[in-house]
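Reviewing the structure listed below.
2 protein chains.
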Amino acid sequence: MQCAANIEAREVEEMYINIDPIQAAGRLTPEAQKAVMAYSDGYSVCDNCLKPFRLDYIKKPPLADFHSECAEWLGMEQLRVVPGARRGFQAVASTFVEKGDPVILTALSHYTEFVSVEQSGGIPCEIPADENQHITGENASQKIEEVVEKYGKVPSLLYVEHADYQYGNIHDIRGVAKAAHQYDIPVLLNGAYTVGTMPVNGKELGVDFIVGSGHKSMAAPAPSGVVATTDEYAEKVFRTTKVKGDVTGRTFGIKEVELMGCSLMGVTMVGLTASFPAVKKRVENWDTEIKHSRMFADTLLSIEGTKCMSDTPREHTLTRVNTIESFDKVAETHKKRGYFLSGELKKKGITGVIPGSTKVWKYNTYGLTQKQTEYLSNAFIEVAENNGLNVN
Amino acid sequence: MQCAANIEAREVEEMYINIDPIQAAGRLTPEAQKAVMAYSDGYSVCDNCLKPFRLDYIKKPPLADFHSECAEWLGMEQLRVVPGARRGFQAVASTFVEKGDPVILTALSHYTEFVSVEQSGGIPCEIPADENQHITGENASQKIEEVVEKYGKVPSLLYVEHADYQYGNIHDIRGVAKAAHQYDIPVLLNGAYTVGTMPVNGKELGVDFIVGSGHKSMAAPAPSGVVATTDEYAEKVFRTTKVKGDVTGRTFGIKEVELMGCSLMGVTMVGLTASFPAVKKRVENWDTEIKHSRMFADTLLSIEGTKCMSDTPREHTLTRVNTIESFDKVAETHKKRGYFLSGELKKKGITGVIPGSTKVWKYNTYGLTQKQTEYLSNAFIEVAENNGLNVN
Chain C
0 MQCAANIEAR EVEEMYINID PIQAAGRLTP EAQKAVMAYS DGYSVCDNCL KPFRLDYIKK
60 PPLADFHSEC AEWLGMEQLR VVPGARRGFQ AVASTFVEKG DPVILTALSH YTEFVSVEQS
120 GGIPCEIPAD ENQHITGENA SQKIEEVVEK YGKVPSLLYV EHADYQYGNI HDIRGVAKAA
180 HQYDIPVLLN GAYTVGTMPV NGKELGVDFI VGSGHKSMAA PAPSGVVATT DEYAEKVFRT
240 TKVKGDVTGR TFGIKEVELM GCSLMGVTMV GLTASFPAVK KRVENWDTEI KHSRMFADTL
300 LSIEGTKCMS DTPREHTLTR VNTIESFDKV AETHKKRGYF LSGELKKKGI TGVIPGSTKV
360 WKYNTYGLTQ KQTEYLSNAF IEVAENNGLN VN
Chain L
0 MQCAANIEAR EVEEMYINID PIQAAGRLTP EAQKAVMAYS DGYSVCDNCL KPFRLDYIKK
60 PPLADFHSEC AEWLGMEQLR VVPGARRGFQ AVASTFVEKG DPVILTALSH YTEFVSVEQS
120 GGIPCEIPAD ENQHITGENA SQKIEEVVEK YGKVPSLLYV EHADYQYGNI HDIRGVAKAA
180 HQYDIPVLLN GAYTVGTMPV NGKELGVDFI VGSGHKSMAA PAPSGVVATT DEYAEKVFRT
240 TKVKGDVTGR TFGIKEVELM GCSLMGVTMV GLTASFPAVK KRVENWDTEI KHSRMFADTL
300 LSIEGTKCMS DTPREHTLTR VNTIESFDKV AETHKKRGYF LSGELKKKGI TGVIPGSTKV
360 WKYNTYGLTQ KQTEYLSNAF IEVAENNGLN VN
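Just so you know, the sequences run in chain order C and L.
Take the first sequence: its position 181, counted from the start at 1, is 180 in numbering that gives the first Met the number 0, and no numbers get skipped.
Take the second sequence: its position 17, counted from the start at 1, is 16 in numbering that gives the first Met the number 0, and no numbers get skipped.
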């Protein structure tokens, strides 16, 4: 069998309004698409790699600038790139977490956070969400106390999601960080849904690490991401190699152990860099994104039986809805069952709703224009009305 | 400062014959370049990700096929993708190596092998190269004995390079694996310079793991790579997550801990897949690659004072030469010093020799046509003659 023969050109972003919850803020900018074509070869960014031979020192293309500017933009002192946010979690976890250590994360943490704790041998302990699906300083404080009591030691790390993947709610990062710092626990902010979409400042939030996702929210190819931190913690997480060949006496310069040396090259690195000016600019339009998110949420709520499970009014573009009493009622008797919804939407040029989903599902309006948001809203109203649902 | 404004289109592969030692076998195939354009967005390969929600199960694009076909092609039973060969080393090392364990690698190991040992807390111990810069079964055996004596325990892992990055010599993998297996030490083959360029069969070589590099030798974008192994070892290295949320009771399906869940997406994954049929085909032309490598090495050796530090006749396309008594003699008095060589070559449309290098340097003829090899050879002769060197 010849794999390549079966790769069809993807048309999702050209032909549809895509409201896929994880794809919306990752689609490439035109600048990144152009850079991707020119730098598609593996080591393309390494043509001008000079001493001390490390990615973040390369001046052409301007990778050194990207590193320092992105750190500053996030209100942090140092930044490195990683092949996906998960590899940022891994680098931090393997620096701080010893086998058997309790590690705090939350009831809304992403699986990659859990896996990074598991990979480092830690024991994941969740801060419960409150009745509004929020992670609060108070709950963090209480959980830390319980964990200290149970394990007889202070947790070695705390993860908290800026906006979580389940509801897209914005959490009380300052409160959680304050609680953690009372026990000297380093705080890692999972900014996978916020770094690159809304303003994020680590100093203001009081966190020690910010991990962002290039392919989720920084308009970069996959896998890519960033880890930013303070000078103090950089010394630990970005420690340089110290080993020596016992026969040859070789040493390995300033390669960083937890990053495995240079962590990105080529298309992922250049895409992240090429999109960065546009990304910096777009976070300033977050208000407009919120306006569109609210507009569409209001539309869905006007369809009788529909509930918004995320905060309302919306403070993020990622949203979880419950349509058990609306679209799922239709699905019960529709000859296409649950597939009618994604099917009718697709005919209207809308994609990103998981085929078959009519109960609880998520969408993301990030990046839609006013006109696209209106079109999207009207399309859902039409599908509702055509299938006998009341619209208020 | 606006980073993106400073990204110049890269023209290396379009305008030059590129003999860069690490870039030659990584340049994209036309199939991969096309796929890169269509799948440049981050989660583009995830459009049709269905239960059990893991990269290697995706049928469209044909990622599941890639995984099984590539494993078979390497003479192994299972295969996963990773963001670079280094992440393959890391996955294997963190499975087998406990803090303080001695780990065997070689006097010709790449820095990423050392760093993966350091990251897992192991102690790197080098098998010495013999006088011909070869890693032999005999030296492996002796080193293992010494290490067992010194540390009072059997090394937990052994790395060996199929073709090393320094000389491009092909090593005695069967002999080394046999030595390791006498102590039940798992053997990891670093195939960064061979998987995707020459035939590699893990079963025939007797190794337990093969790690390959997508962006170095499989014509794929960076960072990408593969780890292949047997069913027996797959259970360990590809172990699935077992943790559970203590509050929510959540578990995380069949995500693999050492891979951090899905390890590639989008452009890197699709590039690897798209190039694969061409890569499978091109390894069958290894004889032709060797013919060209020898042709060019012979040309260089005809320039008086030039020495080939790699095996001759060449058995690989990556080659290390010593031109201290030829081109470096010219550099001593040339007004452009060592830069004359790369400069004159560049005028002739040849790139990849580090600017300023005239002493000991490396090149890679991989992928050049007969005509390009002849052109390259003539260009070096001309540069030599124009600068007063004798050519035999």
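Positions of the beta carbon are idealized from the N, C-alpha and C atoms, including for glycine.
Since the structure is predicted, the reported quantities are computational estimates derived from the model, not experimental observations.
Can you give me the Cβ contacts of L:M0 inside the same chain, cut-off strictly under 6 Å, excluding the 5 residues immediately before and after it? Taking the second sequence and counting its residues from 1, the one referred to as residue 0 of chain L is at position 1. Caution is warranted here: a pLDDT of 45 is assigned to L:M0, below 50, making its placement in the model unreliable, and the coordinate value is therefore given only provisionally. Setting aside the 5 residues that flank it on each side, L:M0 has no residue in the same chain whose C-beta is closer than 6 Å to its C-beta.
When you compare the CB positions of C:Y192 and C:S223, do they come within less than 8 Å of one another, or not? The residue given as residue 192 of chain C occupies position 193 in the first sequence. The residue given as residue 223 of chain C occupies position 224 in the first sequence. Against a cut-off of 8 Å, the Cβ pair of C:S223 and C:Y192 comes out as no contact.
What are the uninterrupted segments assigned as beta strand (DSSP E) that are 3 or more residues long and contained completely in the region 65 to 97 of chain L, given in chain order? The qualifying runs are 77 to 81.
According to DSSP, simplified to helix, strand and coil, what is C:E112? Here residue 112 of chain C refers to the residue found at position 113 when the first sequence is read from its first residue. Three-state DSSP puts C:E112 in a helix.
One or two residues paired with L:K361 in a DSSP bridge: As a working mapping, residue 361 of chain L is identified with position 362 in the second sequence. In the DSSP assignment, the residues bridged to L:K361 are L:R319.
Use the C-beta contact count for C:V359: other C-beta atoms within 10 angstroms, 16 or more gives buried, fewer gives exposed. If you number the first sequence from 1, residue 359 of chain C lands on position 360. Flag for C:V359 reads exposed.
My assumption, with CB atoms under 8 Å, is that L:D245 sits in contact with C:E125. Please give the rounded CB distance. One-based indexing of the second sequence puts residue 245 of chain L at position 246. One-based indexing of the first sequence puts residue 125 of chain C at position 126. Sure, about 6 Å apart at Cβ, within 8 Å.
If the cut-off is 7 Å on Cβ atoms, which residues from the region 21 to 37 of chain L count as contacting chain C, listed in chain order? Residues I21, Q22, G25, R26, L27, E30, Q32, A34, V35, M36 and A37.
Do you know offhand how far L:E145's Cα is from L:H180's? Within the second sequence, numbered from 1, the residue matching residue 145 of chain L stands at position 146. Within the second sequence, numbered from 1, the residue matching residue 180 of chain L stands at position 181. Distance between the alpha carbons of L:E145 and L:H180 is about 16 Å.
Check for me: the alpha helix (DSSP H) holding L:V146 runs from which residue to which? In the second sequence, counting from the first residue as 1, residue 146 of chain L sits at position 147. G136 to Y150 is the span of the alpha helix (DSSP H), which, as asked, contains L:V146.
May I ask which residues mark the beginning and end of the beta strand (DSSP E) holding L:P123? Position 124 of the second sequence holds residue 123 of chain L. In the DSSP assignment, L:P123 falls within the unbroken beta strand (DSSP E) covering I122 to I126.
Residues of chain L with CB under 8 Å from C:T267, in chain order? The count along the first sequence starts at 1 and reaches residue 267 of chain C at position 268. Residues of chain L passing the Cβ test: P220, A221, P222, V266 and T267.
Counting pairs of Cβ atoms below 8 Å between the region 304 to 317 of chain L and the region 54 to 62 of chain L, do you hit three or more? Taking a contact to require three or more Cβ pairs closer than 8 Å, the region 304 to 317 of chain L and the region 54 to 62 of chain L do not qualify as touching.
Any Cβ of chain L within less than 8 Å of the Cβ of C:S140? What you label residue 140 of chain C is simply residue 141 of the first sequence in a count that begins at 1. Output row for C:S140: interface = no.
Could you name the residues of chain L that C:P123 contacts, counting a contact when the two beta carbons are closer than 9 Å? Taking the first residue of the first sequence as 1, we reach residue 123 of chain C at position 124. The contacting residues are V242, K243, G244 and D245.
Close beta carbons around L:K335, own chain, < 7 Å, minus the five adjacent residues each side: Here residue 335 of chain L is taken as the residue at index 336 of the second sequence, counted from 1. Residues of the same chain with a CB within less than 7 Å of the CB of L:K335, apart from the 5 flanking positions on each side, are G342 in chain order.
Take every Cβ of the region 372 to 388 of chain C, pair it with every Cβ of the region 337 to 355 of chain C, and state whether three or more of those distances are shorter than 8 Å. These segments touch.
With a Cβ-Cβ cutoff of 8 Å, do C:T298 and C:S325 count as a contact? As a position in the first sequence, residue 298 of chain C is number 299, starting the count at 1. As a position in the first sequence, residue 325 of chain C is number 326, starting the count at 1. No. Outside cutoff.
Roughly how many angstroms separate the alpha carbons of C:A139 and C:A178, rounded to a whole number? The residue given as residue 139 of chain C occupies position 140 in the first sequence. The residue given as residue 178 of chain C occupies position 179 in the first sequence. Straight through space, the alpha carbons of C:A178 and C:A139 are spaced by roughly 6 Å.
Would you call L:G252 buried or exposed, if buried means 16 or more other Cβ atoms sit within 10 Å of its Cβ? Translated into the one-based positions of the second sequence, residue 252 of chain L becomes position 253. Classification for L:G252: exposed.
Of all the CB atoms in chain L, is at least one closer than 8 Å to the CB of C:S43? Here residue 43 of chain C is taken as the residue at index 44 of the first sequence, counted from 1. Flagged as an interface residue toward chain L: C:S43, by a C-beta distance shorter than 8 Å.
Check whether the Cβ atoms of C:G25 and C:H214 lie closer than 8 Å to each other. Your numbering for residue 25 of chain C matches position 26 in the first sequence. Your numbering for residue 214 of chain C matches position 215 in the first sequence. Yes, Cβ-Cβ distance for C:G25 and C:H214 is below 8 Å.
Starting from the beta carbon of L:E12, find every residue of chain C whose beta carbon is closer than 8 Å, and list them in chain order. Locating residue 12 of chain L in the second sequence gives position 13, where the first residue counts as 1. Ordered by position in chain C, the residues that pass the 8 Å Cβ test against L:E12 are D40.
Residues of chain L with CB closer than 8 Å to the CB of C:F251, please, in chain order. In the first sequence, counting from the first residue as 1, residue 251 of chain C sits at position 252. Within chain L, the residues near C:F251 are Y110, F113 and V114.
Please state the DSSP three-state secondary structure of C:K334. What you label residue 334 of chain C is simply residue 335 of the first sequence in a count that begins at 1. Look at C:K334 here: in three-state DSSP terms it is coil, with no helix or strand label.
Using 8 Å as the threshold, is the C-beta distance between L:T105 and L:R85 below it? Numbered from its first residue, the second sequence carries residue 105 of chain L at position 106. Numbered from its first residue, the second sequence carries residue 85 of chain L at position 86. Result no, Cβ atoms of L:T105 and L:R85 do not sit closer than 8 Å.
So, using beta-carbon positions, are L:T221 and L:T28 closer together than 8 Å? Indexing the second sequence from 1 puts residue 221 of chain L at position 222. Indexing the second sequence from 1 puts residue 28 of chain L at position 29. It should be noted that the sequence gives Ala, not Thr, for residue 221 of chain L. No.
Quick check on DSSP: helix, strand or coil for L:E12? Here residue 12 of chain L refers to the residue found at position 13 when the second sequence is read from its first residue. L:E12 falls in the helix class under three-state DSSP.
When the Cα atoms are used, what is the spatial distance from C:N363 to C:R293? Taking the first sequence and counting its residues from 1, the one referred to as residue 363 of chain C is at position 364. Taking the first sequence and counting its residues from 1, the one referred to as residue 293 of chain C is at position 294. C:N363 and C:R293: Cα-Cα distance of roughly 11 Å.
As a quick exercise: from L:S356, L:C307, L:V320 and L:K346, pick the residue whose alpha carbon is nearest that of L:V329. By one-based count along the second sequence, residue 329 of chain L stands at place 330. Ranking the options by Cα distance to L:V329, first place goes to L:S356.
Along chain L, which residues have their Cβ under 9 Å away from the Cβ of C:E137? What you label residue 137 of chain C is simply residue 138 of the first sequence in a count that begins at 1. Going along chain L, no residue has its Cβ under 9 Å from C:E137, so there is no contact; the nearest lies around 15 Å.
Would you check if there are 3 or more beta carbon pairs closer than 8 Å linking the region 75 to 83 of chain L to the region 279 to 289 of chain L? Segments in contact, no.
Can you check DSSP and say which residues form a bridge with C:P29? Stepping through the first sequence from its first residue, residue 29 of chain C is reached at position 30. Looking at the DSSP assignment, C:P29 forms no beta bridge with any residue, so it has no partner.
Would you check whether the ligand PLP has a heavy atom nearer than 7 Å to the C-beta of C:P185? Summarising the ligand content, the structure contains no ligands, and the ligand PLP is consequently not present.
In chain C, what lies closer than 7 Å to L:G392 by C-beta? A query on residue 392 of chain L cannot be resolved here, the shown segment of chain L reaching from 0 to 391 and no further.
Name the residue from C:E331, C:L375 and C:H333 whose alpha carbon lies nearest to the alpha carbon of C:T350. Within the first sequence, residue 350 of chain C is the residue found at index 351, counting from 1. Measuring C-alpha to C-alpha distances from C:T350 to each of C:E331, C:L375 and C:H333 identifies C:L375 as the nearest.
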